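**Student:**
Residue numbers (our numbering): -18 to 40.
(1) Report the three-state DSSP secondary structure of residue 44 (helix, strand or coil).
(2) Rounded to whole angstroms, what is the Cα-Cα separation between residue 37 and residue 5?
(3) Expressed to the nearest angstrom, what Euclidean distance is found between the alpha-carbon atoms of residue 22 and residue 28?
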(Lines of atoms letter the chains of each structure in order from A and count residues from 1; the text may use other names and numbers.)
(Lines give C-alpha, C1' and ligand atoms only; values in the text may rest on other atoms or scores of the structure.)
Protein backbone atom coordinates (compact mmCIF):
# COMPACT_ATOMS: atom_id res chain seq x y z
CA UNK A 1 0.00 0.00 0.00
CA UNK A 2 2.83 2.39 0.78
CA UNK A 3 4.39 1.77 -2.63
CA UNK A 4 1.14 2.63 -4.41
CA UNK A 5 0.82 5.84 -2.37
CA UNK A 6 4.44 6.75 -3.14
CA UNK A 7 3.90 6.10 -6.87
CA UNK A 8 0.78 8.30 -6.96
CA UNK A 9 2.59 11.07 -5.10
CA UNK A 10 5.57 10.78 -7.47
CA UNK A 11 3.34 11.01 -10.56
CA UNK A 12 1.52 14.10 -9.22
CA UNK A 13 4.75 15.87 -8.23
CA UNK A 14 5.51 18.53 -10.84
CA UNK A 15 8.56 20.18 -9.25
CA UNK A 16 10.99 18.00 -11.20
CA UNK A 17 9.21 18.73 -14.46
CA UNK A 18 9.39 22.47 -13.81
CA UNK A 19 13.12 22.26 -13.07
CA UNK A 20 13.70 20.36 -16.31
CA UNK A 21 11.71 22.93 -18.27
CA UNK A 22 13.72 25.79 -16.77
CA UNK A 23 16.91 23.92 -17.57
CA UNK A 24 15.87 23.46 -21.20
CA UNK A 25 14.93 27.13 -21.50
CA UNK A 26 18.29 28.19 -20.02
CA UNK A 27 20.13 25.87 -22.43
CA UNK A 28 18.22 27.27 -25.40
CA UNK A 29 19.01 30.85 -24.35
CA UNK A 30 22.69 29.94 -23.93
CA UNK A 31 22.83 28.41 -27.42
CA UNK A 32 21.18 31.52 -28.89
CA UNK A 33 23.64 33.84 -27.11
CA UNK A 34 26.66 31.80 -28.21
CA UNK A 35 25.46 31.75 -31.83
CA UNK A 36 24.75 35.50 -31.80
CA UNK A 37 28.13 36.39 -30.30
CA UNK A 38 29.91 34.16 -32.81
CA UNK A 39 28.15 35.76 -35.79
CA UNK A 40 28.59 39.32 -34.53
CA UNK A 41 32.21 38.64 -33.54
CA UNK A 42 33.06 37.39 -37.02
CA UNK A 43 31.42 40.40 -38.66
CA UNK A 44 33.07 42.79 -36.20
CA UNK A 45 36.49 41.29 -36.92
CA UNK A 46 35.90 41.88 -40.64
CA UNK A 47 34.99 45.52 -39.99
CA UNK A 48 38.12 46.12 -37.90
CA UNK A 49 40.27 44.42 -40.53
CA UNK A 50 38.81 46.72 -43.20
CA UNK A 51 39.39 49.80 -41.01
CA UNK A 52 42.95 48.70 -40.28
CA UNK A 53 43.66 48.24 -43.98
CA UNK A 54 42.22 51.66 -44.79
CA UNK A 55 44.31 53.31 -42.08
CA UNK A 56 47.49 51.56 -43.25
CA UNK A 57 46.84 52.69 -46.84
CA UNK A 58 46.19 56.28 -45.73
CA UNK A 59 49.46 56.50 -43.82
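The beta carbon of each residue, even a glycine, is placed where N, CA and C say it ideally should be.
Computed from a predicted structure; not experimentally measured.
**Tutor:** Taking the structure as given:
(1) The chain is shown only over -18 to 40; residue 44 falls outside these bounds and no answer can be derived.
(2) 48 Å
(3) 10 Å
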